[in-house]
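J.: Residue numbering for the sequence shown follows UniProt numbering, starting at 1 and increasing by one per position. Glycine included, each C-beta is placed from N, C-alpha and C at the ideal position. These numbers come from a predicted model, not from an experiment.
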Amino acid sequence: MPADAKGALVWASAAGVQAAAQPRIEELLRARETFVEELFDALLDELGFPEAAHSEPQP
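1) Could you check the C-alpha separation between residue 76 and P50 for me, to the nearest Å?
2) Can you say whether A8 is buried or exposed, counting buried as having 16 or more other CB atoms within 10 angstroms of its CB?
3) When burial is assigned at 16 or more other CB atoms within 10 Å of the CB, is A12 buried or exposed?
4) Among A15, Q22, L39, which has the Cα closest to the Cα of D4?
5) Mapping the DSSP letters down to three states, classify G16 as helix, strand or coil.
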């Protein structure tokens, strides 16, 4: 798990964002959330990625 967390932090750093500490990333990677979408959103938040802009649907 530490290698996976470190890889995620390296990825975030290469993208130019500031991430949380490695223990927090490891905690998220070990989580057993029912909905993976929520876990993925939390991981991206902790890695420092900005929230995606939501566009208006086109008619």
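T.: Let me lay it out:
1) Nothing can be reported for residue 76, as the shown portion of the chain is limited to 1 through 59.
2) Start at 1 with the first residue of the sequence shown, and residue 8 comes out as number 8. Its Cβ being crowded by 16 or more others within 10 Å, A8 is buried.
3) Start at 1 with the first residue of the sequence shown, and residue 12 comes out as number 12. Buried: at least 16 other Cβ atoms inside 10 Å.
4) Numbered from its first residue, the sequence shown carries residue 4 at position 4. Closest option to D4, Cα to Cα, is Q22.
5) Here the question's residue 16 lines up with position 16 in the sequence shown. G16: coil per DSSP, three-state reduction.
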